[in-house]
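Let me begin by presenting the structure, written as structure tokens, before commenting on it.
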């Protein structure tokens with residue numbers, strides 16, 4: 067992975083966390099993270115990063131929580147691999 071892709075992904079991870087912490091309703095969060103043609107999930111995939119998570123397909127909230135956990139876990143994994151954390 068290039069440094070540019072790493073930075074882009076970490077920026078998307080921060081964006082995901084900010085969306086999850088926002089006061090937007092779950093449907094809006096879902097649309098931004100997973101639902102539209104320029105959603106965060108598509109941007110992550112365009113970087114060639116595969117997230118390992120189970121999409122529960124049960125509610126907007128559960129889908130958002132699962133996606134957020136996968137993004138967070140991958141960001142932590144990559145930060146460690148690139149020596150950005152202890």
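Numbering (the numbering used here), first residue to last: 67 to 152.
We put the CB at the ideal spot given by N, CA and C, even for glycine.
Review point. Counting only runs that start and end within the region 93-125, where is the beta strand (DSSP E) found for 3 or more residues in a row?
Key: Annotation note: the region 93-125 contains no uninterrupted beta strand (DSSP E) run of length 3 or greater.
Point to revise | Among 126, 83 and 114, the one whose alpha carbon lies nearest that of residue 70 | key: Shortest Cα-Cα distance from residue 70 to any of 126, 83 and 114 involves 114.
Check your understanding: Per DSSP, what kind of secondary structure is residue 88 in: helix, strand or coil?
Key -> Coil.
Check your understanding: If you draw a straight line from the C-alpha of residue 68 to the C-alpha of residue 81, how long is it?
Key -> The alpha-carbon atoms of residue 68 and residue 81 are separated by roughly 20 Å.
Point to revise | Three-state secondary structure (DSSP) of residue 151 | key: Here residue 151 carries a coil assignment [DSSP, helix/strand/coil].
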